[in-house]
Amino acid sequence: MAKEIGMMTEGFVWIITDAMVDQLNLMDVSVIESMDGVIGVKPYVPKSKTVEDFIQRWKMKFPEENLRIVDVELDVYGLWVYDYAIALAMAVEKSKMSETTFRKPNVLGKSGK
1 MAKEIGMMTE GFVWIITDAM VDQLNLMDVS VIESMDGVIG VKPYVPKSKT VEDFIQRWKM
61 KFPEENLRIV DVELDVYGLW VYDYAIALAM AVEKSKMSET TFRKPNVLGK SGK
């Protein structure tokens, strides 16, 4: 549709996410060649000893705890989830929330009264 209304010509730039970039392998060469001005972005985690060590630990521990799941790889999103969980745990520790009890608010109706 973008091509039909002239938005695949000079002066236009399209940014596509990793989900679309992954689909490029399945597209016809002529479609890819017509994508002049398209920029694809993908998440990237630089290799480091810390990342490699974590992946090795994960590869040993995951099968022990998930016997029915086979042939699974840790991807960038799995690494991000781990980072988020660690950041949340650190925030809870820092705020001393681990010693706090949560109570359900006593709210009646939409107005909160």
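Heads up, the sequence shown is in UniProt numbering, so the first residue is 1 and it goes up one at a time.
C-beta atoms are modelled at their ideal positions from N, C-alpha and C, and glycine is treated no differently.
Look up residue 107 in the DSSP assignment and say whether it is helix, strand or coil.
Stepping through the sequence shown from its first residue, residue 107 is reached at position 107. Reduced to three states, the DSSP call for residue 107 is coil.
Starting from residue 78, follow the beta strand (DSSP E) in both directions and report where the run begins and ends.
Working through the sequence shown from its first residue, we reach residue 78 at position 78. First-last for residue 78: 76-95, but that is the alpha helix (DSSP H), not the beta strand (DSSP E).
Smallest Cα separation from residue 11: which of 36, 81 and 101?
Along the sequence shown, one-based indexing puts residue 11 at 11. When only C-alpha atoms are compared, the closest one is 36.
By Cβ distance below 7 Å, which residues in the same chain neighbour residue 43 in space, the five residues on each side in sequence not counted?
Here the question's residue 43 lines up with position 43 in the sequence shown. If we look at residue 43 and ignore the five residues flanking it on each side, its Cβ neighbours are 18 and 76.
With respect to the alpha helix (DSSP H) encompassing residue 69, which residues constitute its N-terminal and C-terminal limits?
If you number the sequence shown from 1, residue 69 lands on position 69. Where residue 69 is concerned, there is no enclosing alpha helix (DSSP H), given that its DSSP letter is neither H nor E.
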